Amino acid sequence: MSLQILTNRVFWALMISHSMFGVIYNTAISWLPRYYNSQFGLDVRSSSFLSVLPWVAMAAGTNLSGWLADHLINTKTLTTTRTRKLLQTLGSVGPAICLLYLSHGAPGGAATAAAAAGLAGGGASRSLAGAAAAAAAAGGMSAEEQQRQLTWAVALLVMTMALLGLQAGGFAATHQDISTRLASVLFGTTNAAASLAGSFFVLLVGVLLDATGSWALVFNLVGLCCLASAAAFLTLASSEPQFD
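Our numbering puts the sequence shown at residues 25 to 268.
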């Protein structure tokens, strides 16, 4: 890795953005089943369908970002740099907003293990309705309110990952913009940083949950990472050739 690359501000925009992407991606893939279990009383089998929905949404968001980026650039609606910054901002600020809402709006201990009894069957709507009825039977909020909170949490997680997919047309496409010759080296380097950052944060989440039991804290921290990604990319990034 040359000094020219290491001192380049666009390279550091990609390092920061890719690392923050790694944080939210690895946190979701590692801790989502645990979140459903601790917050709503779902075991892995019961939450399997709900756990896969955010990834389906992310795949859709990723494909949409490619089409949208091509359209904006080919029609000269925006420059390549502005297109990348737009999609990166939407793919960072959007998830941050969803996670901040989730940290304040999703129930904490309201959905207890009693909800798991209603989640033994298959199907999303059936599972949510069963959980709501079980929670209501155990006391507390009404079945309708319980179902609303469960649905709201799932919807926010789906929106988070769908919007995160837009980053494919943001930072993830910028490596080849700034250097077709070194694109693979640049992406490999930033991807390694993302893997390290994501792995560290997965460990940190475990420590924080053991110490505080607070998912709100976890979601707030991940949301701040998303905002850091947007700030770094907006201020440092460019799609102008840097190393060719």
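Ideal Cβ placement from N, Cα and C applies to all residues, glycine included. All of these numbers come straight from a predicted model, not from anything done at the bench.
Q. From this set, Asn244, Asp94, Ala221, Ala37, which residue's C-alpha is nearest Leu124's C-alpha?
A. In the sequence shown, counting from the first residue as 1, residue 124 sits at position 100. Looking at the Cα atoms, Asn244 is the closest of the given residues.
Q) Rounded to a whole number of angstroms, what is the C-alpha to C-alpha distance between Leu241 and Phe267? A) Position 217 of the sequence shown, counted from the start, is the residue given in the question as residue 241. Position 243 of the sequence shown, counted from the start, is the residue given in the question as residue 267. When rounded, the distance between both Cα atoms is 40 Å.
(Q) Please report the straight-line C-alpha distance between Gln173 and Ser208, rounded to a whole angstrom. (A) Translated into the one-based positions of the sequence shown, residue 173 becomes position 149. Translated into the one-based positions of the sequence shown, residue 208 becomes position 184. Straight-line spacing of the CA atoms in Gln173 and Ser208 works out to 44 Å.
Q. Do Thr107 and Ala93 have their C-beta atoms closer together than 8 Å?
A. Your numbering for residue 107 matches position 83 in the sequence shown. Your numbering for residue 93 matches position 69 in the sequence shown. Pairing Thr107 with Ala93 gives a Cβ-Cβ distance under 8 Å.
Q. Using the C-alpha atoms, what's the distance from Ser263 back to Trp239?
A. For this step, residue 239 is matched to residue 215 along the sequence shown. For this step, residue 263 is matched to residue 239 along the sequence shown. Those two C-alpha atoms are separated by around 37 Å.
Q) Taking Phe257 as the reference, which of Val231, His42, Leu181 has the closest Cα? A) Walking along the sequence shown from the start, residue 257 turns up at place 233. Closest in alpha carbon position to Phe257, among Val231, His42, Leu181, is His42.
Q) Grouping DSSP H, G and I as helix and E and B as strand, with all else coil, what is Leu88? A) Taking the first residue of the sequence shown as position 1, residue 88 is located at position 64. Three-state result, Leu88: helix.
Q. Alpha carbon to alpha carbon, what distance is there between Thr213 and Leu187?
A. Position 163 of the sequence shown, counting from 1, holds the residue named residue 187. Position 189 of the sequence shown, counting from 1, holds the residue named residue 213. Between Leu187 and Thr213, the C-alpha separation is close to 24 Å.
(Q) Spatial neighbours of Ser223 within its chain, please: C-beta separation below 7 Å, excluding the five flanking residues on both sides. (A) What you label residue 223 is simply residue 199 of the sequence shown in a count that begins at 1. Short of 7 Å from the beta carbon of Ser223, and not among the five residues preceding or following it, lie these beta carbons of its own chain, in chain order: Asn50.
Q) Is it the case that the CB of Thr213 approaches a heavy atom of the ligand PLP more closely than 7 Å? A) You won't find the ligand PLP in this model; it holds no ligand whatsoever.
(Q) Taking a contact to mean a Cβ-Cβ separation below 8 Å, would you say Ala260 touches Val34 in this structure? (A) Taking the first residue of the sequence shown as position 1, residue 260 is located at position 236. Taking the first residue of the sequence shown as position 1, residue 34 is located at position 10. Residue 260 is actually Leu in this sequence, not Ala. Result yes, Cβ atoms of Leu260 and Val34 sit closer than 8 Å.
Q: Mind checking which residues open and close the alpha helix (DSSP H) that includes Pro265?
A: If you number the sequence shown from 1, residue 265 lands on position 241. Note, Pro265: premise wrong, no alpha helix (DSSP H); not H, not E.
**Q.** Three-state secondary structure (DSSP) of Met44
**A.** Translated into the one-based positions of the sequence shown, residue 44 becomes position 20. Annotated three-state conformation of Met44 is helix, per DSSP.
(Q) Out of Ile202, Gly115, Ala179, Val226, which one is the CA nearest neighbour of Ala255? (A) Translated into positions along the sequence shown, residue 255 becomes position 231. Considering only alpha carbons, the answer is Gly115.
Q. Going straight from the alpha carbon of Leu27 to that of Ala179, what length do you get?
A. Here residue 27 corresponds to residue number 3 of the sequence shown, with the count starting at 1. Here residue 179 corresponds to residue number 155 of the sequence shown, with the count starting at 1. Spanning the alpha carbons of Leu27 and Ala179 requires a straight line of approximately 45 Å.
**Q.** Minimum C-alpha distance to Pro6 - residue among Ile48, Gly46, Ser70, Phe45
**A.** Outside the modelled stretch of the chain, which goes from 25 to 268, sits residue 6, for which no answer is possible.
(Q) Could you tell me which whole beta strand (DSSP E) segments of length 3 or greater appear in the stretch 158 to 217? (A) Runs of the beta strand (DSSP E) inside the stretch 158 to 217: none found.
Q | Touching by the beta-carbon criterion (3+ pairs, under 8 Å), the stretch 189 to 196 and the stretch 97 to 112 | A | Judged by pairs of C-beta atoms under 8 Å, the stretch 189 to 196 touches the stretch 97 to 112, as three or more such pairs exist.
Q.
I need the straight-line Cα distance from Trp55 to Val226, nearest angstrom please.
A. The residue you call residue 55 lines up with position 31 of the sequence shown. The residue you call residue 226 lines up with position 202 of the sequence shown. Spanning the two alpha carbons is a distance of roughly 8 Å.
Q.
Within the continuous alpha helix (DSSP H) that includes Leu258, where are the two ends?
A. Within the sequence shown, the letter at position 234 stands for residue 258. Boundaries of the alpha helix (DSSP H) harbouring Leu258: 239 to 260, taken from the DSSP string.
Q. How should Asn32 be labelled, buried or exposed, when 16 other C-beta atoms within 10 angstroms of its C-beta is the threshold for buried?
A. Start at 1 with the first residue of the sequence shown, and residue 32 comes out as number 8. In this structure Asn32 is buried. Its beta-carbon is surrounded by 16 or more other beta-carbon atoms within 10 angstroms.
Q. Smallest Cα separation from Asp85: which of Ile48, Met183, Phe73?
A. Taking the first residue of the sequence shown as 1, we reach residue 85 at position 61. Asp is not the amino acid found at residue 85; the sequence shown has Gly there. In this structure, Met183 is the residue among Ile48, Met183, Phe73 with its C-alpha nearest to the C-alpha of Gly85.
(Q) What residue range does the alpha helix (DSSP H) around Leu66 cover? (A) What you label residue 66 is simply residue 42 of the sequence shown in a count that begins at 1. That residue, Leu66, is in no alpha helix (DSSP H); it is neither H nor E in DSSP.
Q.
Beta-carbon within less than 6 Å of Leu206's beta-carbon, same chain only, minus the 5 sequence neighbours each way: which residues are those?
A. Residue mapping note: residue 206 aligns to position 182 of the sequence shown, counting from 1. Close CB contacts of Leu206 within its chain, under the 6 Å cut and outside five residues either way in sequence, are with Phe267 (chain order).
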